[in-house]
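Engineer: This is the structure I want to talk about, given as structure tokens.
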Amino acid sequence: MAFDFSSTARTTVARRLPVGVLALCLAATTACTQTKSGGGDDAGSSGPVKIGLVTKTDTNPYFVKLRESAKAAAGANGATLIAVAGKFDGDNEGQVSAIENLVQQGVKGILITPSNSTGILGALKQAKDKGILVIALDTETDPKDAVDATYATNNEQAGVLEGKYIKATLGATPPKLILMDGSPGGTVDEQRHRGFLQGMGLKDGDPAILGAAPTNGDQNKAQAAMENLLQRDASVNAVYTLNEPAARGAVAALTAKGLAGKVAVGSIDGGCQGVADVKAGKYLVTVMQFPKKMAEQGVNAVVTFTKDGTKPSGFQDTGAQLITDKPLPGLDSKDTTWGAENCWG
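Position one of the sequence shown corresponds to residue 1 (UniProt numbering), numbered consecutively onward.
Here is the structure:
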């Protein structure tokens, strides 16, 4: 999963937006990005299959990879991908407007990474009522059957893996934990937080938790949050981070405080920069996700549905893998060499 932050160079394919699309984007204050692959007349019903993709942002390398993979899969199937993104993580209004716009454009399927698991339900129902296949990528909806199927990381399990690793690293040392959370109310944010505490054998409110702060998955916000928390209590020995940008921010604050290398820091994402960070010893472990797999499977499902009406269903787990150069007994992990070969971004 992923969140909005300053990232490495990304690949975008710009196209002129139709006037109606541009007006809708501006009205919704959404940073709409439209990416197409395939050919033919998009307006004609006899043209290539049109597939909509709605991501949380268009700048996070995770969503850039997801979009590029969806575009490639659509092109390989002779389909057209129309990709739209919110301006920031949590831009629920922008996602609703994007769904409505894609319905008007006549897409056969919509792939979406929901910013809010409940805030888009009405728009998704309208799409489904028009016979459009709706698939969630990366993030589940609530209820889960608000979409036809979900292709995603089991984010709670990813949190469990991070928590188990940090707990094993501490051994018999009692944890003094700081939590670098995501966005309040975010589905993935809550799942990872809950899973991490489960992996640590803790519950919210436990005295072992020195503090927690929302970071929105942003490096700068995470650094500021960690600096504030360290001013209150610098006895921390373990840090949970929602994603790798938050981990980089937390590590920057720890380094400035002279705590680098003295605190067990874990994360989730599996981006190439994150794998490099683990290799460099900036944090101990990350849990890799596989956005390419999510995108390809989602696109293929829409193409199959268009051909013969077959609908996917349920939750399709696209996997999660611990990446570390410090393996621990009882925990399945891959080293950063493997991570570099399989990372994204």
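In this text, a Cβ means the ideal position worked out from N, Cα and C, and glycines have one as well.
Here the structure is a predicted model, which means the values were calculated and not measured.
Quick check: what's the CA-CA separation for Ala73 versus Lys144?
Structural biologist: When rounded, the distance between both Cα atoms is 25 Å.
Engineer: Measuring alpha carbon to alpha carbon, tell me which residue in Gly109, Ala260, Gln289 is nearest Gly339.
Structural biologist: Taking only the C-alpha atoms, the option nearest Gly339 is Gln289.
Engineer: Quick one: grab the DSSP three-state call for Gly122.
Structural biologist: Residue state, collapsed to three classes: helix.
Engineer: For Gly330, count neighbouring C-beta atoms within 10 Å of its own C-beta (all shown protein chains included) and say buried if the count is 16 or more, exposed if not.
Structural biologist: That one is exposed.
Engineer: Using only alpha-carbon positions, find the residue among Thr153, Pro48, Lys125 that is nearest to Met294.
Structural biologist: Nearest C-alpha to Met294: Thr153.
Engineer: So, using beta-carbon positions, are Gly159 and Ser115 closer together than 8 Å?
Structural biologist: Contact flag unset, no.
Engineer: For the beta strand (DSSP E) holding residue 350, just list the boundary residues, first then last.
Structural biologist: Nothing can be reported for residue 350: it is not among the residues displayed for the chain, which extend from 1 to 345.
Engineer: Three-state secondary structure (DSSP) at Tyr62?
Structural biologist: Helix at Tyr62.
Engineer: Quick one, which of Leu81, Lys164, Val287 has its alpha-carbon nearest Ile323's?
Structural biologist: Closest by alpha carbon: Val287.
Engineer: Go ahead and label Lys146 buried or exposed: buried means 16 or more other beta carbons lie within 10 angstroms of its beta carbon, across all protein chains shown.
Structural biologist: Checking the displayed sequence, the identity of residue 146 turns out to be Ala instead of Lys. It is buried - the Cβ of Ala146 has at least 16 other Cβ atoms within 10 Å.
Engineer: Thr304 lies in the alpha helix (DSSP H); which residues open and close that run?
Structural biologist: Start and end: 291–308.
Engineer: What is the residue span of the alpha helix (DSSP H) that Phe315 lies within?
Structural biologist: From DSSP, Phe315 is part of no alpha helix (DSSP H) but of the beta strand (DSSP E) over 314–317.
Engineer: When the Cα of Val263 is compared with those of Asn243, Met226, Pro245, Val275, which residue comes out closest?
Structural biologist: It is Met226 whose Cα lies nearest to the Cα of Val263.
Engineer: Is Ala301 near Ala149, with beta carbons less than 8 Å apart?
Structural biologist: Contact flag set, yes.
Engineer: Please name the residue in Glu93, Leu133, Ala98, Gly90 whose C-alpha comes closest to that of Thr310.
Structural biologist: Of Glu93, Leu133, Ala98, Gly90, the residue nearest in Cα terms is Leu133.
Engineer: Taking its Cβ as the centre, do 16 or more other Cβ atoms sit within 10 Å of Arg232, making it buried, or is it exposed?
Structural biologist: Per the 10 Å Cβ criterion, exposed.
Engineer: Which two residues bound the contiguous alpha helix (DSSP H) that contains Tyr165?
Structural biologist: Segment 155–170, the alpha helix (DSSP H) holding Tyr165.
Engineer: Rounded to whole angstroms, what is the Cα-Cα separation between Ala43 and Gly106?
Structural biologist: Here Ala43 scores only 38 on pLDDT, less than 50, and its place in the model is too uncertain to base an answer on.
Engineer: Which value, in whole angstroms, describes the spacing of the CA atoms of Gly75 and Leu284?
Structural biologist: Distance between the alpha carbons of Gly75 and Leu284 is about 38 Å.
Engineer: With DSSP as the reference, label Asp332 as helix, strand or coil.
Structural biologist: Here Asp332 sits in coil by DSSP.
Engineer: Whole angstroms is fine: what's the gap from Val275's alpha carbon to Glu100's?
Structural biologist: Between Val275 and Glu100, the C-alpha separation is close to 37 Å.
Engineer: How is the alpha helix (DSSP H) around Ser97 delimited, first residue to last?
Structural biologist: From DSSP, the alpha helix (DSSP H) with Ser97 extends over 92–104.
Engineer: Return the first residue and the last residue of the beta strand (DSSP E) that Gly195 is part of.
Structural biologist: Element bounds for Gly195: not the beta strand (DSSP E) but the alpha helix (DSSP H), 187–200.
Engineer: Do Gly266 and Thr306 have their C-beta atoms closer together than 8 Å?
Structural biologist: Cβ atoms of Gly266 and Thr306: not closer than 8 Å.
Engineer: Helix or strand or just coil, what does DSSP make of Leu210?
Structural biologist: In this structure, Leu210 counts as strand in the three-state DSSP scheme.
Engineer: In terms of residue numbering, what span does the beta strand (DSSP E) encompassing Asp181 cover?
Structural biologist: 177–181 is the extent of the beta strand (DSSP E) around Asp181.
Engineer: If you draw a straight line from the C-alpha of Phe3 to the C-alpha of Pro291, how long is it?
Structural biologist: Per-residue confidence for Phe3 stands at a pLDDT of 41, beneath the threshold of 50, marking its modelled position as unreliable; the derived number appears in the next sentence. Going by the C-alpha atoms only, they are around 13 Å apart.
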